[in-house]
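Numbering (the numbering used here), first residue to last: 290 to 745.
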């Protein structure tokens, strides 16, 4: 049954049609075969009875001078018993008075037609002219071979008809099913093209008939039109949102810079508790500036707007990012292995943000004293940047979506914005590169690997 369900619909329809046709034709053939067999044997027995009656009229039994009976005319016996027939005359005592050559052993005379193996036998009484009553019986027998052959031919013809009809039903079912399924197949092909191109504006093929397939095509067109309209509205809303985020982030950078400058001046002039308050406000403002910068970078990446690029030595970028992160990473063992001359074509500020986010991520999600290793090298025409730590690693439940926005990996720094690794992924993609998490199931620590196209 499972194998049948795995077949294409056209084959299932054709096979169902063929099976139903086979059952109907087989039942019809059985009924016709039995009726024909009964009719043929009935005609055979009727002919046998007629021949026996004719023989009864022609034969007479006469007594001789010794009181014995003899048959006349005996010549009719051999004439009638030629071929596949046989004749036997039996006296009242059961003695055989006359019979044809090679006559078989026949059952005692009785009324009606009897079966004697492959012979059918009819018995008729013979009258003695001087007695006026039956003194003997004539038995006329005939082989049923010809009748059996006729019945076998009829059955063979019916069997051939059943098989031929089933085969024709299968072929016709395939043809009809193919004609019925073809419009659906064309709709399926068009739907696959829509899925491949993600273009709901693709026109679906029309059905020539006003049937269920035409209704399906119209329904799909209405659905695609609704999806297209929803997609247009969503894209417009997302575009407006990206523009708003980009504009707001850009507009916030200037006042935030001014706030930071004023807070830095204020912190330098204050002392005691007021200085601590100013320092706290300064830290919050710096986080705000960082978040605004992150949002601006993501909005620019979503909009596909690229900043001017140029040759950048990734080694210098890594050293600058490590130096900037040094005060925060003072409680960790930060190890650098970055030879000079690792040139890439990119935006220096974006690459700086990428490296800084990876180092910050390693520091934020590992306990104090954990070694953090930063290395870079050329590899297969690319520049590879590795940032690895020996901490608890990335939880298994977030590994598949660690580069999604607003996903936090847990640990001590889980209160971050959740944008750091999303920015790393966006910057890597915008530079034609990639980033991945290289962590075995049973390994401790996390290793983030960035690959960027190298330039000479």
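All residues carry an ideal CB built from backbone N, CA and C; glycine is no exception.
Take the alpha-carbon of residue 436 and the one of residue 405: they are about 15 Å apart. In this model, residue 564 and residue 556 are separated by some 5 Å (Cα to Cα).
For the alpha helix (DSSP H) assignment, the uninterrupted runs of no fewer than 4 residues enclosed by the segment 577-660 are, from N- to C-terminal side, 603-614 and 637-653. Annotation for residue 719: the continuous alpha helix (DSSP H) segment containing it runs 709-719. With a cut-off of 8 Å on Cβ pairs, the segment 474-490 is in contact with the segment 506-518, counting three or more such pairs. The secondary-structure analysis by DSSP pairs residue 379 across a beta bridge with 385 and 426. When the five nearest sequence neighbours on each side are left out, the beta carbons in the same chain lying within less than 7 Å of the beta carbon of residue 302 are those of 462 and 466, in order along the chain. Residue 737 is bridged by DSSP to 676 and 726. Nearest C-alpha to residue 675 among 497, 414, 625 and 613: 625.
Residue 413 counts as buried, since at least 16 other C-beta atoms from the protein chains shown sit within 10 angstroms of its C-beta. Taking C-alpha positions only, residue 642 is separated from residue 718 by approximately 14 Å.
Taking residue 707 as the centre and dropping the five residues before and after it, the same chain places the C-beta of 694, 695, 696 and 697 closer than 8 Å to its C-beta, in chain order.
Short of 6 Å from the beta carbon of residue 661, and not among the five residues preceding or following it, lie these beta carbons of its own chain, in chain order: 621, 623, 651 and 678. With 16 or more other Cβ atoms from the protein chains shown falling within 10 Å of its own Cβ, residue 333 counts as buried. For residue 483, the enclosing alpha helix (DSSP H) stretches over residues 434-486.
For residue 415, the pairing in a beta bridge is given by DSSP as 425. With contacts defined as CB atoms closer than 8 Å, residue 627 and residue 653 fail to qualify as a contacting pair. Note on residue 521: under 16 other CB atoms within 10 angstroms of its CB, so exposed under the neighbour-count rule.
When the five nearest sequence neighbours on each side are left out, the beta carbons in the same chain lying within less than 7 Å of the beta carbon of residue 482 are those of 491, in order along the chain. Secondary structure at residue 431: strand, using DSSP grouped into helix, strand and coil.
One thing to note: residue 639 has its Cβ no nearer than 8 Å to the Cβ of residue 738.
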